[in-house]
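**Student:** Dropping the structure in here first, questions after.
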Amino acid sequence: MTVLAFLLGLGLLITVHEWGHYRVAVACGVKVLTFSIGFGKPLLRWKSRRPYPGQDTEFAISLIPLGGYVKMLDASSEALTPADAAMALDRQPLWARAAIVSAGPLANFLLALALYAATFWLGQYETRALLATPVAGSPADLAGLNSGDLVLRAGGDESSLQDVDSMEQLRWWLMQQDPMAQVFVLEVQPKGRSSAHTVSLTPPPVVEGSSNPVTGLQDLGLVGAWSRAVLGDLQPNSAAQRAGLQRGDEVLRINERVIHDAAALRATVRASGRAQGPIAEQLWEVHRPRQGVLLFAVTPERVTEGTESVGRIGAQVGEAPQKIWVQYGLVDGVVLAAQRTWEVSRLTLDMLGRLITGRASLDNLSGPLSMADYAGRSASVGLGPYLAYLALLSVSLGVFNLLPLPVLDGGHLLYYLYEAFTGHPPSPRWLEILQSAGMALLMALMAFSLFNDVVRLGWLS
Numbered sequence: 016m017t018v019l020a021f022l023l024g025l026g027l028l029i030t031v032h033e034w035g036h037y038r039v040a041v042a043c044g045v046k047v048l049t050f051s052i053g054f055g056k057p058l059l060r061w062k063s064r065r066p067y068p069g070q071d072t073e074f075a076i077s078l079i080p081l082g083g084y085v086k087m088l089d090a091s092s093e094a095l096t097p098a099d100a101a102m103a104l105d106r107q108p109l110w111a112r113a114a115i116v117s118a119g120p121l122a123n124f125l126l127a128l129a130l131y132a133a134t135f136w137l138g139q140y141e142t143r144a145l146l147a148t149p150v151a152g153s154p155a156d157l158a159g160l161n162s163g164d165l166v167l168r169a170g171g172d173e174s175s176l177q178d179v180d181s182m183e184q185l186r187w188w189l190m191q192q193d194p195m196a197q198v199f200v201l202e203v204q205p206k207g208r209s210s211a212h213t214v215s216l217t218p219p220p221v222v223e224g225s226s227n228p229v230t231g232l233q234d235l236g237l238v239g240a241w242s243r244a245v246l247g248d249l250q251p252n253s254a255a256q257r258a259g260l261q262r263g264d265e266v267l268r269i270n271e272r273v274i275h276d277a278a279a280l281r282a283t284v285r286a287s288g289r290a291q292g293p294i295a296e297q298l299w300e301v302h303r304p305r306q307g308v309l310l311f312a313v314t315p316e317r318v319t320e321g322t323e324s325v326g327r328i329g330a331q332v333g334e335a336p337q338k339i340w341v342q343y344g345l346v347d348g349v350v351l352a353a354q355r356t357w358e359v360s361r362l363t364l365d366m367l368g369r370l371i372t373g374r375a376s377l378d379n380l381s382g383p384l385s386m387a388d389y390a391g392r393s394a395s396v397g398l399g400p401y402l403a404y405l406a407l408l409s410v411s412l413g414v415f416n417l418l419p420l421p422v423l424d425g426g427h428l429l430y431y432l433y434e435a436f437t438g439h440p441p442s443p444r445w446l447e448i449l450q451s452a453g454m455a456l457l458m459a460l461m462a463f464s465l466f467n468d469v470v471r472l473g474w475l476s
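For what it's worth, this note's numbering labels the leading residue of the sequence shown as 16, then goes sequentially.
Below is the structure:
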């Protein structure tokens, strides 16, 4: 499933990108010799039965599916007839060459817009923005947020509040914010009340070079959606099973602490393992269906996670959070898709800038293995999440190709900018040097991102 989802998605993105180059080249009167999806040895070749006027393009699917290319006629490398010379790429005016090069990334942005629109039109279930117990001492805790608070709107201040329908929308709103922002404002409706009020959250300072410079829910102490503190499956011979707890038990209190939700239960159990010495026995007050309130003596086990010691009872905690159906009409879907495409483009460019300047860790780079993993996961969830992930990849491909690096579309645009100012293109010698340097840099980035993939997926452990 993972490999198939990745190859289908990547094939779509590459085809659309190269089709952008191809279609604009044909429109500008340039002769296209080859349109290939993939590199290396062609596995399949064919020609159109009804080619565009003057075209005799060979289409191919090649062995290595990590890219593609459109080969166009070049007057500098071949002896051509006057008719063919007029269709050579290097004989076209500067604006036409720039349009052909720009068409690939533009096609990716248009594909992303279409995919995002499809996800908004299809609709999907999203998690209701009910907050769980915030992390003790976190910005959310200090702001006075409580378990069961419903987030209605969010903004940088009270004059810029935007509607929030789900946890997914709240996460997306936070991603768009400046990580250096001094305050975030949430309008919340407390549990059991009809009125709402605003709270101001002061995020922690962003550490330069951190692996995740974007503000997220966890940075603010928002641990996720609210759900009851109900136990799920118990592991054999676990602390929970030895104490007599059962699946379906709802934890009401541990010692003197009231347990409002699953997040509070997890935090309390985990905190018990951080104290020095043996873990003390706890008195749990539990509601069991058809039996009422019962008391149990529970002693969590201490386990090590990374460098931290935490408590564990060996039971699943929590239940499925409340869901709402979110779907948009034709016009709203297109408008939101355009906004999302623009926002993702801006965020991608901002992240690339942070990587280049050292304000974000290179650990953020992902390669084909992580992409395949995410593609498989999103496809297993449903069509909407899969299309949204492909849209994200399409935007990333478009932005990346516009970087002013030799061998990328942005590098060719940089050559054309040089030609526009000087009246002549860079010399063949300089082009060769720049292309070699660009290829070496690209290979180094690919190798590093592949190493990140291997580490991220745990293949080295």
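Beta carbons: idealized from backbone N, C-alpha and C, even for Gly.
This one's a predicted model, so the numbers in the text were calculated from it and none came from an experiment.
1. Three-state secondary structure (DSSP) at residue 32?
2. Answer yes or no: do residue 30 and residue 84 have a C-beta to C-beta separation smaller than 9 Å?
3. Give every residue of the same chain whose Cβ lies closer than 6 Å to the Cβ of residue 59, excluding the five residues on either side of it in the sequence, and list them in chain order.
4. What residue from 195, 155, 167 and 218 has the CA that sits closest to residue 204's CA?
5. Compare the beta carbon distance of residue 350 and residue 410 with 9 Å and say whether it is the shorter of the two.
6. With a cut-off of 9 Å, does the C-beta of residue 160 fall near any C-beta of chain D?
7. Between which two residues does the alpha helix (DSSP H) holding residue 150 run?
8. Would you say residue 87 and residue 150 are within 9 Å of each other, going by their C-beta atoms?
9. Take residue 414 and list the residues in its own chain whose beta-carbon comes closer than 8 Å to its own, dropping the five residues that flank it on each side.
10. Exposed or buried, what is residue 307 when buried is set at 16 or more other beta-carbons lying within 10 Å of its beta-carbon?
11. Under the three-state reduction of DSSP, which class applies to residue 224: helix, strand or coil?
12. Let me make sure I understand the geometry here. Which of 134, 408 and 133 has the alpha-carbon closest to that of residue 383?
13. Short check: CB of residue 284 to CB of residue 326, under 9 Å?
14. In the DSSP output, which residue or residues are listed as bridge partners for residue 57?
15. Where are the alpha helix (DSSP H) runs, 4 residues long or more, that stay fully inside the stretch 160-217, in chain order?
16. Helix, strand or coil for residue 353 per DSSP?
17. Measure how close the beta-carbons of residue 116 and residue 439 come, nearest whole angstrom, since I'm counting them as under 8 Å.
18. Sort 437, 241, 424 and 435 by Cα distance to residue 453 and report the nearest one.
19. Buried or exposed, going by whether 16 or more other CB atoms sit within 10 Å of the CB of residue 138?
20. Measuring only the C-alpha atoms, how far is residue 270 from residue 295?
21. Since residue 330 sits in a beta bridge, which residues does DSSP pair it with?
22. Ordered along the chain, which non-local residues of its own chain (more than five positions away) have a Cβ less than 6 Å from that of residue 130?
23. Determine the direct distance from the alpha carbon of residue 82 to that of residue 418, and round the result to whole angstroms.
24. In chain order, what residues of the same chain lie with their CB nearer than 6 Å to the CB of residue 211, ignoring the 5 residues before and after it?
25. Go through the stretch 233-304 residue by residue and report every complete run of the alpha helix (DSSP H) that reaches 4 residues or more, in order.
**Tutor:** According to the structure shown:
1. helix
2. no
3. 76
4. 167
5. no
6. The structure shown has no chain D; it contains just one protein chain.
7. Element bounds for residue 150: n/a, residue is neither H nor E.
8. no
9. 120, 360, 363, 364 and 367
10. exposed
11. Unreliable placement is indicated for residue 224, whose pLDDT of 49 sits below 50; the coordinate value is still reported in the next sentence. Coil.
12. 408
13. yes
14. 77
15. 182-191
16. helix
17. The Cβ separation is near 18 Å, so there is no contact.
18. 424
19. exposed
20. 11 Å
21. 249
22. 402, 405 and 406
23. 17 Å
24. 167, 202 and 204
25. 254-258 and 277-287
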